[in-house]
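**Q** Take a look at the following structure, please.
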Amino acid sequence: MNGTASPPPPSVPLLSVEGLHSGYGRIPILGGVSLAVGEGEFVGILGHNGMGKSTLLRTLMGYLPATAGSVSLSGRAIAGLSPTARARAGMGYVPQGREIFPGLSVHENLRMGCLLGGAPEAGRIEEILGLFPRLKAYLDRPGGALSGGEQQLLALARCLCGAPRIVLLDEPTEGIQPSIIEEIIETLQLIGRERGLTVLLVEQNLNFIASLSRRILILKKGAITGEVPPEVARDRAMIDEFVGMD
Amino acid sequence: MDLTGLVAFNVVTGIATLFLITIGLGVIYGMMRIINLAHGEFMMLGAYTAVTAVDHGVNIWVALLVLPPLVVGLIGLAVERTVIRFLYGRMMDTMLATWGISLGLIGLVTTLFGNVVKAVPTPVGSFEIGRYGASLFNLVLIGTALVAIVALLGLLRFTKFGLVLRATMQNARMAAALGVSPGTIYMATFALGSALAGLAGGVLAPISGVSPDMGAAYIARAFITVLGGGPAIVTGTGLASGLFGFIDELVSFQTSPVIGDVALLCAAVLLIRVLPQGITGRFLRRSL
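Protein chains in written order, with our numbering: chain A, 1 to 246; chain B, 1001 to 1288.
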C-alpha cells in the first residue's frame, strides 16, 4: 500500500495450476489446464462460451472436483480442499451471476465478507466503501433490490472485505450496463495500483480484459492454447485468430 | 365480562402453545428444508427429560425449562451428525430417515419407561379472572413463548451467528466462498430446532400428560402452522400461531375441542389456497 508501481515478478507463483482436469459428471470440460499467477499480477483468461472459463474457476475454488492435476497456493497443495478451506487459505471468489445474498442488506452482505481477513469489521467496511462510494447510499437496502451493476460492485466489495490473497473473478461484465463496467475497471485499476491485488479474471469482454490484465491467456476447448499481450487483445481481428472456434 | 377475560386468556394460551410446538419444526424446515418427522418425538423426549428430572428431585423450573432443551438439543446434534448430514438436499430420504427415527424413539422410550402416561406436577396454582379460576401455569406458557420469540429474533437479527445463519440459508455455496462451513451451520441449526422441540415438550409436560406416543398429538398441527407461516420462520410461525390458535380456541370454546381442530384444519386449507407461500410469502417478506 505504498502507492508505488506494481511489485516485481516473484519467483514462486502465488497460484500455480498444473494439468488440471475437471468436468460435470462424466462430461469432461477441462482437459489439462496449466497456468501460474504471480503475487500482485492481474491475469486474464479469454475464451468463448462453453470453453470452460467458469468451470476453471469453479474447480479452482473447489466446487467441482478436479479429476486430475494439481493446484497450489504459495506452494501449498489445495486441490483436495473444500471451498470453505480454500476461502480460509486466501482465495476470494466473485462468481458469475454475482450471488449476492438477496435477503441481506448491502451492509450485511459486506459483513459476511468480513468473516475472513481478521480486521475489525467496522473499519474494514469503511475502508472498502471508500473504494466503492456508490454503495454507500444503499447500505440498508436488501442486496436483491440492487441493479445488476450495483450487485457486481457489491460482490467485488464483499470479496475484498475478506482481504483475499487472490481474487477469482468470473465474467464481471455479463449483463452489466457500460457505465458500471467503466467504474469497475477504474476501481480495479485503483486497487491494483494501491495494493498490488492479485487477480485471475475470466472474461469475454475484450475492452475489459485488455484494460486490466498484464497477461492474457487463451482458453480453448478446456486447455490454455496461448498467451497474448493486452495490446493485441484490443484488436478484434487478431484476437479472433487466437480465440476463434476453428 | 369475566367470561370474555377468561376466553381471551385461553386464546392467548392456545396461541402460545401452538407457537411453542411449532417453532422447533419451523427452524429446521424453514432454514434447511428438512421435514423432521421426528419433531413430535423430540418433544416427547423433552417431556420425558422433565419427568425423569422431577423424579430425581431436580428443581421443577430447571426440570421443565432448562434441562429439556439442553438434553434434546444434544440428541438432535447426535442425530444430525449420524444421520441427517448425509441426506441434505434429499427431501424424501430425510423424511424416511426421520420417520424411522421417530418410530425408533417411540419404541425405545416405551421399553425404558413403559407404555403408561406419566405426570409432572404443575409448579404453580391458579388465579382468578372475576368469578372464574385460571391456571397460573398458562402464564408460564405464554411467558416462555414470548421469551422464545424475542430470543430467536434477537439471535437472527443482532448476532454474528444469526447473520451467518441467514446467509447460509439463502446461499450456502456463496457463504462457503466467504469462509463459512455450511456443515457446521446446519449442525447448529438442527440442534437449535431440536432444543426448541425439547423446550416445548418440557414446558407442556405438566398439562399434557407424558406418554411415548404423545408426539403424534402435536405433529399435524405443527406442520400446518409451519406451512401457514411461510418463509419468515419466527414472524411467520408467530402469525400463523396467532391465526390458527385464535380460531381453534374460539371454536373449541363454542363447541368442542374436536370441532376446534376441524376449524383449524379448514382455516389452514383456506389459507394455503389463498396464500400458497404462507402468510409471510405475501406479507412482511423482509421479516425474519
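Glycine residues also receive a C-beta, built at the ideal position from the N, C-alpha and C atoms.
Let me confirm a value: ASP1248 (chain B) is counted as buried when at least 16 other C-beta atoms fall within 10 Å, else exposed. Which label applies?
**A** Numbered from its first residue, the second sequence carries residue 1248 (chain B) at position 248. Its Cβ being crowded by 16 or more others within 10 Å, ASP1248 (chain B) is buried.
**Q** Going by the beta-carbon positions, is the gap between LEU168 (chain A) and MET51 (chain A) smaller than 8 Å?
**A** Counting from one through the first sequence, the residue named residue 168 (chain A) turns up at place 168. Counting from one through the first sequence, the residue named residue 51 (chain A) turns up at place 51. For LEU168 (chain A) and MET51 (chain A), no; Cβs fall outside 8 Å.
**Q** Please name the residues in the segment 116-143 of chain A whose beta-carbon is closer than 8 Å to at least one beta-carbon of chain B, in chain order.
**A** The residues in question are LEU116, PRO142.
**Q** For ASP246 (chain A) and ASP240 (chain A), what's the separation of their Cα atoms in angstroms?
**A** Against the first sequence, residue 246 (chain A) aligns to sequence position 246. Against the first sequence, residue 240 (chain A) aligns to sequence position 240. Residue placement at ASP246 (chain A) is flagged as unreliable, the pLDDT there being 45, under the threshold of 50; the coordinate-derived value follows with that caveat. So the two alpha carbons sit approximately 9 Å from each other.
**Q** Output needed for VAL1079 (chain B): all residues of its chain with C-beta closer than 7 Å, excluding positions within five of it in sequence on either side, in chain order.
**A** Sequence index remark: in the second sequence, residue 1079 (chain B) carries index 79 (1-based). Only ILE1101 meet the Cβ criterion.
**Q** Which whole runs of the beta strand (DSSP E) in the segment 78-142 of chain A are 3 residues long or more, in chain order?
**A** Runs found: 91-94.
**Q** Give the residues of chain B in contact with GLY162 (chain A), contact being defined as C-beta atoms less than 8 Å apart.
**A** As a working note, residue 162 (chain A) is residue 162 in the first sequence. By Cβ distance, chain B contributes LEU1178, GLY1179.
**Q** What's the C-alpha gap between ARG98 (chain A) and GLN151 (chain A)?
**A** Position 98 of the first sequence, counted from the start, is the residue given in the question as residue 98 (chain A). Position 151 of the first sequence, counted from the start, is the residue given in the question as residue 151 (chain A). Spanning the two alpha carbons is a distance of roughly 7 Å.
**Q** Between B:ASN1171, B:PHE1246, B:PHE1086, B:ASN1010, which has its C-alpha nearest LEU104 (chain A)'s C-alpha?
**A** Taking the first residue of the first sequence as position 1, residue 104 (chain A) is located at position 104. Comparing Cα-Cα distances from LEU104 (chain A) to each of B:ASN1171, B:PHE1246, B:PHE1086, B:ASN1010, the minimum goes to B:ASN1171.
**Q** Within 8 Å of any Cβ in chain A, is that where the Cβ of ALA1188 (chain B) sits?
**A** Here residue 1188 (chain B) corresponds to residue number 188 of the second sequence, with the count starting at 1. Not an interface residue.
**Q** Identify every residue that forms a DSSP beta bridge with PRO28 (chain A).
**A** On the first sequence, residue 28 (chain A) is found 28 positions in, with the first residue counted as 1. Beta-bridge pairing links PRO28 (chain A) to A:GLY23.
**Q** Measure the alpha-carbon distance for LEU1152 (chain B) versus GLY1046 (chain B) and round it to whole angstroms.
**A** As a first step, residue 1152 (chain B) must be located in the second sequence, where it is residue number 152. As a first step, residue 1046 (chain B) must be located in the second sequence, where it is residue number 46. So the alpha carbons of these two residues sit roughly 19 Å apart.
**Q** Alpha helix (DSSP H) containing LEU1250 (chain B): first to last residue?
**A** On the second sequence, position 250 is the one that residue 1250 (chain B) refers to. LEU1250 (chain B) -> alpha helix (DSSP H) spans 1233-1254.
**Q** Any Cβ of chain B within less than 8 Å of the Cβ of GLY103 (chain A)?
**A** Residue numbering aside, residue 103 (chain A) sits at position 103 when the first sequence is read from its first letter. Chain B contact via Cβ: present.
**Q** Restricting to runs no shorter than 3 residues, where is the beta strand (DSSP E) found entirely within the segment 144-232 of chain A?
**A** You should have 166-170, 199-203, 215-220, 223-228.
**Q** Under 8 Å, do LEU1227 (chain B) and ILE1023 (chain B) count as touching if we go by C-beta distance?
**A** Taking the first residue of the second sequence as position 1, residue 1227 (chain B) is located at position 227. Taking the first residue of the second sequence as position 1, residue 1023 (chain B) is located at position 23. No, these two residues do not count as a Cβ contact at 8 Å.
**Q** Give me the Cα-Cα distance between ARG1282 (chain B) and LEU1270 (chain B), rounded to the nearest whole angstrom.
**A** Taking the second sequence and counting its residues from 1, one reaches residue 1282 (chain B) at position 282. Taking the second sequence and counting its residues from 1, one reaches residue 1270 (chain B) at position 270. Between ARG1282 (chain B) and LEU1270 (chain B), the C-alpha separation is close to 15 Å.
**Q** Using CA atoms only, rank isn't needed, just tell me which of B:PHE1113, B:THR1189, B:THR1255 is closest to LEU1165 (chain B).
**A** Reading the second sequence from its first residue, position 165 is the one you call residue 1165 (chain B). Answer by Cα proximity: B:THR1189.
**Q** Let me check understanding here. Comparing Cα to Cα, which of B:GLY1209, B:VAL1109, B:TYR1088 lies closest to GLY1186 (chain B)?
**A** Position 186 of the second sequence, counting from 1, holds the residue named residue 1186 (chain B). With the sequence shown as reference, residue 1186 (chain B) is identified as Tyr, and Gly is not the correct amino acid for it. The shortest C-alpha separation from TYR1186 (chain B) is found at B:TYR1088.
**Q** Report yes or no: do the segment 1036-1055 of chain B and the segment 1091-1109 of chain B share at least 3 C-beta pairs separated by less than 8 Å?
**A** The segment 1036-1055 of chain B, when compared against the segment 1091-1109 of chain B, does touch it at the 8 Å Cβ threshold.
**Q** Just by C-beta distance, which residues in the segment 1162-1173 of chain B are closer than 8 Å to chain A?
**A** Here the close residues are LEU1163, VAL1164, ARG1166, ALA1167, GLN1170, ASN1171, ARG1173.
**Q** Would you identify the three-state DSSP class for VAL17 (chain A), choosing helix, strand or coil?
**A** As a position in the first sequence, residue 17 (chain A) is number 17, starting the count at 1. VAL17 (chain A) falls in the strand class under three-state DSSP.
**Q** Rounded to whole angstroms, what is the Cα-Cα separation between ALA1267 (chain B) and LEU1239 (chain B)?
**A** As a position in the second sequence, residue 1267 (chain B) is number 267, starting the count at 1. As a position in the second sequence, residue 1239 (chain B) is number 239, starting the count at 1. Near 13 Å, if we compare the C-alpha coordinates of LEU1239 (chain B) and ALA1267 (chain B).
**Q** Alpha carbon to alpha carbon, how far is ALA1216 (chain B) from ASP1055 (chain B)? Give it in angstroms, no decimals.
**A** As a working mapping, residue 1055 (chain B) is identified with position 55 in the second sequence. As a working mapping, residue 1216 (chain B) is identified with position 216 in the second sequence. Those two C-alpha atoms are separated by around 25 Å.
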